[in-house]
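Before any comments, here is the structure.
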């Protein structure tokens with residue numbers, strides 16, 4: 001039975017202690033722009049979810065493409081505001097280098113470069129190079145002509161300190177561009193791809209890795225501000241094909257998609273048929289724990305940081321009692337049910353894997369147009385790291 005016409009809504013009363021996350025209110029001072037069509041294939045986006053403020057009547061919509069299964073913000077902060085956000089201390093000015101995470105990304109890139117038989121003398125540019133960890137990894141393995149582009153001044157300075165030429169705005173020419181978990185952050189991915197395409201000749205490569213829309217945690221897709229887009233394999237192939245790139249190597253896991261594209265010099269259009277919204281909606285209903293009926297009383301909506309599974313628990317008004325209950329619940333899920341969680345997550349470290357928000361059921365008097373509606377008593381609140 002189709003669930004496309006059902007509504008799964010809740011009132012987001014306030015963020016609780018969200019480990020690993022910070023929050024930002026989407027107030028009237030933040031300028032917004034609209035994207036009503038899929039950036040990958042140009043199809044009109046269907047309303048999938050919406051954030052609504054009961055205080056200011058502000059709405060942030062999330063759209064779904066029935067052709068390529070792309071998900072992304074219809075309403076989002078302007079590209080100028082996002083650029084200032086990444087350049088500000090809000091984003092990451094106090095952070096240290098990525099360490100093991102950067103090495104992990106380097107391993108993935110190295111494997112694709114090896115499969116493509118890319119010579120170590122080739123020019124390689126890492127777009128969104130961060131602290132330069134992946135560039136350092138490649139340099140240690142003999143690659144000689146390495147550069148980067150980084151939009152965060154703090155991260156750019158860190159990468160330069162390792163000896164790499166790093167630009168903050170312009171894109172240099174390169175025989176291989178790397179886009180490692182960067183595409184989902186870009187306000188206008190088509191504009192950036194056009195720049196890279198102009199810099200490359202036929203036969204050269206772009207290697208891209210992004211979170212897999214089917215494996216990314218639902219609440220991250222709905223509420224993690226820096227990720228403006230969620231891509232499927234079909235959406236990536238459509239996006240890059242529009243600029244004359246063909247997928248040569250494709251690696252897909254539950255969490256990640258990695259594709260090596262080669263420039264062919266001619267636009268590639270792949271014929272795709274429309275999808276039903278039900279599989280995507282089922283993912284979110286299950287991942288957010290919305291199968292259970294939401295009562296009007298305040299509750300916790302919890303989900304795992306690294307797995308698409310969530311649920312609801314009691315929320316006590318007394319903060320001390322609630323803290324005690326939450327610690328007990330976290331321990332129970334993390335250790336007593338560890339055997340079950342391990343099958344879903346691979347590994348789990350108790351309470352650190354849980355996130356939580358305070359919610360209550362949507363009142364019937366509130367009109368909602370999207371299958372999933374999140375109402376806020378105050379301003380809409382999104383997350384970032």
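Numbering (the UniProt record's numbering), first residue to last: 1 to 385. For every residue, glycine included, the Cβ atom is placed at its ideal position computed from N, Cα and C. Computed from a predicted structure; not experimentally measured.
Item, Value
"Integer Cβ distance of residue 194 from residue 186, believed to fall under 8 Å", "At roughly 12 Å, the Cβ-Cβ gap does not stay under 8 Å, so residue 194 and residue 186 are not in contact."
"Close-in-space but distant-in-sequence residues of the same chain around residue 122 (CB under 7 Å, 5 per side omitted)", "145, 175, 176"
"Close Cβ partners of residue 396 (< 6 Å) along its chain, the five nearest in sequence each way excluded", "Summary: the structure shown does not reach residue 396, with the chain confined to residues 1 through 385, and so no result is reported for it."
"CA-to-CA distance, residue 319 to residue 135, given in whole angstroms", "47 Å"
"Sub-8 Å separation of residue 384 and residue 243 beta-carbons", "no"
"Per-residue DSSP class, three states only, for residue 311", "strand"
"Backbone CA spacing between residue 371 and residue 86 [nearest angstrom]", "31 Å"
"Simplified DSSP assignment, three categories, for residue 173", "coil"
"DSSP three-state assignment for residue 304, whether helix, strand or coil", "strand"
"Residue 22 beta carbon less than 8 Å from that of residue 358", "no"
"Proximal residues to residue 200 (C-beta, below 6 Å), its chain only, five neighbours per side dropped", "263"
"The segment 56 to 65 in contact with the segment 201 to 214 per 3-pair CB rule at 8 Å", "no"
"Beta bridge counterpart(s) of residue 355 as assigned by DSSP", "303"
"Residue 42, DSSP secondary structure in three states", "coil"
"Separation of residue 10 from residue 373, as counted between CA atoms", "7 Å"
"Alpha-carbon spacing of residue 375 relative to residue 356, whole angstroms", "16 Å"
"Contact between the segment 45 to 53 and the segment 277 to 284 (3+ Cβ pairs under 8 Å)", "yes"
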